[in-house]
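Participant:
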């Protein structure tokens, strides 16, 4: 690369070495992972019975009082994809008979939580929703909803849209996450700490929304809130290349850097200092009438993590004192029974010192408990057993792109998978001494993704960093727990808000 390009790379906060590695990744691709089996109930997925859940619901709140808890909400995603079909209609010929999606939207428009706001916009334009429907001015309704002169929903993040209706108010997902925070993320100091990752252009709007809610909710719930925000770091953007794997240059000669997917948020997560961090996507919220089960299972996975983590800490402290037979036996029991890992076949043939050092290294890591729902055909990652280079079998969340679907055995393992990752995690990111792990040390940089895009009519290839709950947490100790399907209610399109779970 010439000096000019190197200067651009440095200005981005990236080293030339990292840039060169990224280009090599484009040239060589990423290796597929070695699946040994899908994680299933009884073999990698824990299933809690009602007494287990009741136990954690009763014991977790007291445990949480003595630790620092943070609710981490990735909230930078734009809502534009929610309205893809509506935008298509708005830009088309306006023939309602050609779009069953828009027909459903219009036929049920009064059921959306933003109905009153939308009606007010149309009234300011000397119209109303009913009048527009009567005159078949569907484009007028959609323009009022989507463009900046109206509600501007087409350019807002999901977190700031009105999702749910109540007798006296309409709530956004951001508001619902504050309510959830009171229910299961109350930690030491009677404080609810919530961290939103937002896009820079929407940060002020997020703060305005939250600042309007917090005082009243704090008084009502009798708790203090600490709300923080961060944006995706510029240095986590990745270089784009052309079809020849050469750096993609804009017309002015500048390098095209692109956001690197949710894996870039690992740096944001790494900046959070807490004993327990819940992670849940911004759009996965439900009205109050359905929150109870979500709350109970959040307490269950949080309580389970704290329970197992205490045993891990005891084993690590014991192994730090000596690699005695008893210490190694304890470490092995915790690693295989509590964490469920499967040791290499030749593990017991090694010396007691090797076994002790190996177990201490494997136990002294970040830990996560991941809720898993039964697979109902949703796209996304799933839970699998993976064989590591040293023979260890670990639990990982895999995306389809990480699997060689041309290999019959891998395809069969994918087909046998029974569960799906709904992004329902609780993380322990401090060690037995209370020190924060450097999470960047536990990601697998060989698990990125390459996608094909275009810019200004030119084809390009884009690079995504290892996914936040995929390769970015590859080196963590992982526990999968089955959670009810009702705890997973994403909103991918605006019409998803018509489902009973959002009414």
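In the working numbering, the protein residues as written are 54 to 556. All C-beta atoms, glycine included, are put in the ideal place defined by N, C-alpha and C.
1) Measuring only the C-alpha atoms, how far is residue 531 from residue 138?
2) Hey, could you find the ends of the alpha helix (DSSP H) residue 69 is sitting in?
3) From this set, 358, 514, 547 and 480, which residue's C-alpha is nearest residue 525's C-alpha?
4) Jot down the residue ranges of each uninterrupted alpha helix (DSSP H) in the region 329-360, minimum 4 residues, whole runs only, in chain order.
5) Just the C-alpha distance for residue 257 and residue 123, rounded to the nearest angstrom, thanks.
6) Identify, in the order they occur along the chain, each residue of the same chain with its Cβ nearer than 6 Å to the Cβ of residue 116, setting aside the five sequence neighbours on each side.
7) Do residue 492 and residue 319 come within 7 Å of each other at the CB atom, strictly closer than that value?
8) Who does residue 131 pair with in a DSSP beta bridge?
9) Can you grab the Cα-Cα spacing for the pair residue 132 / residue 207, in whole Å?
10) Relative to the alpha-carbon of residue 461, which residue among 424, 125, 158 and 87 has its alpha-carbon at the smallest distance?
11) State buried or exposed for residue 84, treating a residue as buried only when at least 16 other CB atoms are found within 10 Å of its CB.
12) CB residue 554 to CB residue 338, shorter than 7 Å?
13) On a Cα-Cα basis, can you pick out the residue from 389, 378 and 90 that is closest to residue 364?
14) Kindly indicate the opening and closing residues of the alpha helix (DSSP H) around residue 153.
15) Just to confirm before moving on: does the CB-CB distance between residue 315 and residue 478 stay below 7 Å?
16) Closest to residue 192 by CA distance: which of 173, 140, 212 and 67 is it?
17) Would you check if the distance between the CB atom of residue 170 and the CB atom of residue 209 is smaller than 7 Å?
18) Please classify residue 229 as buried or exposed, where buried requires at least 16 neighbouring CB atoms within 10 angstroms.
19) May I ask you to list the residues that DSSP assigns as paired with residue 449?
20) Rounded to a whole number of angstroms, what is the C-alpha to C-alpha distance between residue 450 and residue 329?
21) Out of 173, 413, 403 and 483, which has the shortest C-alpha to C-alpha gap to residue 324?
22) Alpha carbon to alpha carbon, how far is residue 513 from residue 383?
23) Can the beta-carbon of residue 129 be found closer than 7 Å to that of residue 250?
24) Among 279, 543, 518 and 348, which residue has its Cα nearest to the Cα of residue 107?
25) Let me know the alpha helix (DSSP H) ranges lying completely inside the region 368-416, each 4 residues or longer, listed in chain order.
26) Out of 82, 119 and 99, state which residue places its alpha-carbon closest to the alpha-carbon of residue 327.
27) Just mark residue 458 as buried or exposed, buried being the case when its beta carbon has 16 or more other beta carbons within 10 Å.
28) Going by C-alpha distance, which of 76, 96 and 59 is nearest residue 446?
Facilitator: The relevant details are as follows:
1) Cα-Cα distance, rounded: 38 Å.
2) Start and end: 69-81.
3) Comparing C-alpha distances from residue 525 to each of 358, 514, 547 and 480 shows the shortest one belongs to 480.
4) If one requires a minimum length of 4 residues, no alpha helix (DSSP H) run lies completely within the region 329-360.
5) In a straight line, the C-alpha of residue 257 is about 21 Å away from that of residue 123.
6) Annotation for residue 116: 359 place their beta carbon closer than 6 Å to its own, counting only its chain and skipping 5 residues before and after.
7) Residue 319 places its beta carbon less than 7 Å from that of residue 492.
8) In DSSP, residue 131 forms a bridge with 210.
9) C-alpha separation (whole angstroms): 6 Å.
10) Restricting attention to 424, 125, 158 and 87, the CA atom closest to the CA of residue 461 is found in 87.
11) Label assigned to residue 84: exposed.
12) Taking 7 Å as the Cβ cut-off, residue 554 and residue 338 do not qualify as a contacting pair.
13) Proximity to residue 364 across 389, 378 and 90 peaks at 389, based on C-alpha coordinates.
14) 153-160 is the extent of the alpha helix (DSSP H) around residue 153.
15) Here residue 315 is not near residue 478, since their CB atoms are 7 Å or more apart.
16) Nearest C-alpha to residue 192: 140.
17) Taking 7 Å as the Cβ cut-off, residue 170 and residue 209 do not qualify as a contacting pair.
18) Burial call: buried.
19) Answer by DSSP bridge pairing, in chain order: 437.
20) The straight-line gap from Cα to Cα measures roughly 20 Å.
21) Considering only alpha carbons, the answer is 483.
22) Straight-line measurement puts the Cα of residue 383 at about 52 Å from the Cα of residue 513.
23) For residue 129 and residue 250, yes; Cβs fall inside 7 Å.
24) Closest by alpha carbon: 348.
25) Complete alpha helix (DSSP H) runs here, min 4: 378-386 and 405-416.
26) With distances taken between Cα atoms, residue 327 lies closest to 119.
27) The residue in question, residue 458, is exposed, as its Cβ has fewer than 16 Cβ neighbours within 10 Å.
28) Scanning 76, 96 and 59 for the CA closest to the CA of residue 446 turns up 96.
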